[in-house]
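In this note's numbering, the protein residues as written are 18 to 502.
If you want it as structure tokens, here you go:
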């Protein structure tokens, strides 16, 4: 199956999309895609061409995406929060000639032809030809640019097979035709695209689009539209826990968190208020993105779920040997959802994908006797102090339990004596204050002394990425810049 064929699983007269109050049936969705497809072909888009999408969540985003893939073109969805310089790099690296956007971008030089995504399908064009018979599911479908720890972002190339396979693996959510999903997460990110958009259409269900995230508006939409499936990131769970009532969520059957680690504190507060568990998942763009998912009804706090059908998993030590249950090792995954490679970057591809097809995720995890997996930390975030391994996530979980802490990030910084030590950057809850001396005592009581951060800095607000992750790279850059002054 090709990605754009997923919508054929919906019944013609059933509602596919609700966008700004407008209901779009599966039949109307197909008509909209056809209009965009014909227009894309008329402006010269052909198989293998890259099509840029710089847009907020919308029905038009979906029309563009499916229309381009139905021509054999390759989508390049772009984070609309990026600067013009960052956007220009992606467009030039991917060789994008046409960009569909909701606003005109002002580049230093004209590098693409820009089109209004909202009105692109208004023009009546001749029908574009069908794909050639030899076009297969192994052809590239999308390039997802991932923010690396250093340098420019890399473009993970995902095939039609990658996305469809990963969507099929989302069957553990137990979504069905009567379900109503809310799309709060950005469609340009493959977490939102695969787990919410594609999965909803694969099940012939109903997708409710939120163009701009506002916590209260989200709660209102869930209540008024009788939403059944909520898939979001931890930071959004914090917002809705504070704002919503159990009555607001009475129609919701499934809550899931992904995109970044889910602190126990957020889970505990949610469960205390709503009496409901949160399923957790784990993945990365290079895996379309899901590697582990929790089956609906089998939630286990702290775990990101079990191995999925159609994949293989290994946990290996630094020498590449498999580790025993409950021991930590790097997560390796092999399966139909693993990317083809990085766009025009054979060296990075070779480093991420070994000769046997294993994707080295760079994340450290463990598995228990029941087959539940737990992500411990990023390998690159692991702190080695006096020869001892320190996993920031473990330290952060303890910090979150201290009264007054809203958010926290532990980052490794250079130390002449120990090699590295942990530095704690934290944000305080409104109306609260944190005594650093008391925080240190609390950590010393609950952690081995070598794990306790040596430095503490209160920040007014911790910077975040577009998917809600705490932007540790930005924190470290600001910290190092301040040290140089």
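Even glycine gets a Cβ: it sits at the ideal position worked out from N, Cα and C.
In the three-state reduction of the DSSP assignment, residue 169 falls in the coil class. Residue range 489-501 is occupied by the alpha helix (DSSP H) that includes residue 491. Under the three-state reduction of DSSP, residue 79 is assigned to helix.
295 is the residue among 343, 327 and 295 whose C-alpha sits nearest the C-alpha of residue 321. Counting only residues of its own chain and dropping the five nearest sequence neighbours on each side, residue 275 has a CB closer than 6 Å to the CB of 208 and 298. Of the candidates 406, 371, 61 and 451, the residue whose Cα lies closest to the Cα of residue 429 is 406. Within the same chain, Cβ atoms closer than 7 Å to the Cβ of residue 240 are found at 265, the five residues on either side in sequence being excluded. When the Cα atoms are used, residue 178 and residue 70 turn out to be separated by approximately 21 Å.
The beta carbon of residue 362 sits closer than 8 Å to those of 171 and 172, all from its chain and outside the five residues before and after it, given in chain order. Put simply, the backbone Cα of residue 488 is about 19 Å away from that of residue 438.
Straight-line spacing of the CA atoms in residue 263 and residue 200 works out to 21 Å.
Residue 137 holds the alpha-carbon nearest to the alpha-carbon of residue 78 among 412, 137 and 176. In the structure shown, residue 356 falls within a coil segment according to DSSP collapsed to helix, strand and coil.
The beta-bridge partner set that DSSP reports for residue 248 consists of 273.
Spanning the alpha carbons of residue 246 and residue 356 requires a straight line of approximately 27 Å. In this structure, the beta-carbon distance from residue 312 to residue 236 does not fall below 7 Å. Scanning the stretch 182-259 for uninterrupted beta strand (DSSP E) segments of 3 residues or longer gives 197-200, 223-226 and 246-249, listed from N- to C-terminal end.
Cβ-Cβ distances below 6 Å link residue 83 to 21 and 50 in the same chain, with the five nearest sequence neighbours on each side left out; the list follows chain order. For residue 426, the enclosing beta strand (DSSP E) starts and ends at 422-432. As the crow flies, the alpha-carbon of residue 210 is around 17 Å from that of residue 25.
A buried status is given to residue 255, since no fewer than 16 other beta-carbon atoms sit within 10 Å of its beta-carbon. Your pair residue 147 and residue 18 does not check out as a contact, with CB atoms roughly 16 Å apart and the cut at 8 Å. Excluding residues up to 5 positions away in sequence, 421, 422, 423, 451 and 475 lie with their Cβ nearer than 8 Å to the Cβ of residue 445 in the same chain.
Just so you know, the alpha carbons of residue 346 and residue 483 end up roughly 28 Å apart. In the structure shown, residue 299 adopts extended strand secondary structure according to DSSP, grouped into three states. With fewer than 16 neighbouring CB atoms inside 10 Å of its own CB, residue 447 falls in the exposed class. Cβ-Cβ separation between residue 94 and residue 205: approximately 4 Å, consistent with a contact (criterion under 8 Å).
Residues 436 and 437 of the same chain have their beta carbon placed closer than 7 Å to that of residue 401, with the five preceding and five following residues left out of the count. Two segments are said to touch when three or more pairs of C-beta atoms, one from each, lie closer than 8 Å; by this definition the stretch 214-230 does not touch the stretch 52-69. Less than 7 Å separates the beta-carbon of residue 158 from that of residue 86. Below 8 Å, too few C-beta pairs join the stretch 111-124 and the stretch 216-225 to call them touching: fewer than three.
Runs of the alpha helix (DSSP H) lying entirely within the stretch 73-145, each at least 4 residues long, are 76-87 and 101-111 in chain order.
Remark: C-beta atoms of residue 117 and residue 134 approach each other more closely than 7 Å. Annotation for residue 454: the continuous alpha helix (DSSP H) segment containing it runs 453-463. A Cβ-Cβ distance of about 5 Å is found for the pair residue 228 and residue 74, placing them in contact under the 8 Å criterion. Listed as beta-bridge partners of residue 36 by DSSP are 39 and 226.
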